[in-house]
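>
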Amino acid sequence: MKNRAVILDRDGVLNVDKGYVHRIEDFQLLPRVIDALQLLPEDFRLIIITNQSGIGRGFYTEEQFLELMRNVKRLLARDGIHIDKVYYCPHLPSDNCSCRKPHTDLLERAVDEFGLDPKRCVVIGDHTSDIKMGEDGGCRTILVKTGLGGTDGMYPINPEYIAQDLYDAIHYIASTPTDGKDRSSFEESCGEQFCGKNR
């Protein structure tokens, strides 16, 4: 049974964040994403957790979002990449819901649905809300410099690793022990802390 997963943000991690992307013609994979996902060890599930306030803002419908993600799954499947599930929050920040990152509701749903061990899961994101969700949910965390790269200004975070992009992040996962580095030694060698604003 696969009890560990890579849990990705979408915009700024998988694809270029053009702002409220909801059409397949506007969905542009970032460089090396296919190579990155093909590098993922087979015993990891692949899950996406994404804030989609464009639905709540009326910029696109829930069905348009779901259709885009069906197309993205088909696109990645051509290269042998399987997304186990996409979890999303359609609400506005002002709705104060429990499913919007950095809240851990969607992460907890994924853990329950797939029988995951949070300590053996890795959350990868470009927003501080992604990393805070992972930290609060007991997961390992990797900040990628693509997208906002942690400069969004809302939450103080302390990721286990700071990657240039998704390929660098997956390569790190594939080459480190299951439960990651000893955090004290990592913090001494890294010495970086980020703050940001949520989207």
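Everything in the sequence shown is counted per my numbering, starting at 2 for the first residue and increasing by one.
Positions of the beta carbon are idealized from the N, C-alpha and C atoms, including for glycine.
The structure presented is a predicted model; accordingly, all values stated were derived computationally and were not measured.
Using only the alpha-carbon positions, how far apart do C191 and N159 sit?
Unreliable positioning characterises C191 in this predicted model, as indicated by a pLDDT of 41, which lies under 50. The coordinate reading is nonetheless provided below. Using only the alpha carbons, I get a separation of about 10 angstroms.
> Which same chain residues, not among the five before or five after D36, have their C-beta less than 8 angstroms away from its C-beta?
Only Y168 meet the Cβ criterion.
> Roughly how far, in whole angstroms, is the beta-carbon of I132 from the beta-carbon of Y173, given that I think they are within contact range, below 8 angstroms?
The pair is not a contact, with the Cβ atoms about 15 angstroms apart (cut-off 8 angstroms).
> State the DSSP-derived secondary structure class of L149, mapped to helix, strand or coil.
In the structure shown, L149 sits in coil (DSSP, three-state: anything other than H, G, I, E or B).
> I'd like to know if the segment 2 to 20 and the segment 120 to 129 are in contact, where contact means that at least 3 CB-CB pairs between them fall below 8 angstroms.
Yes: at least three Cβ pairs fall under 8 angstroms.
> With the cut-off set at 9 angstroms, would you say M134 and P103 are in Cβ contact?
Taking 9 angstroms as the Cβ cut-off, M134 and P103 qualify as a contacting pair.
> Would you call M2 buried or exposed, if buried means 16 or more other Cβ atoms sit within 10 Å of its Cβ?
Exposed is the call here.
> Are the beta-carbon atoms belonging to G148 and D118 less than 9 angstroms from one another?
No, the Cβ-Cβ distance between G148 and D118 is not below 9 angstroms.
> Would you say the segment 47 to 63 touches the segment 80 to 99, given that touching needs at least three Cβ pairs under 8 angstroms?
With the cut-off at 8 angstroms, the segment 47 to 63 and the segment 80 to 99 touch.
> Within 10 angstroms of its Cβ, does T62 collect 16 or more other Cβ (buried), or is it exposed?
The residue is exposed, with fewer than 16 neighbouring Cβ atoms inside 10 Å.
> Return the first residue and the last residue of the alpha helix (DSSP H) that T177 is part of.
No alpha helix (DSSP H) contains T177, which DSSP labels as neither H nor E.
> What do you get for R101, buried or exposed, if any count of 16 or more other CB atoms within 10 angstroms of its CB means buried?
Buried, since its Cβ has 16 or more Cβ neighbours within 10 Å.
> Could you give the distance in angstroms between the alpha-carbon of L107 and the alpha-carbon of S54?
Approximately 15 angstroms between the Cα atoms of the pair.
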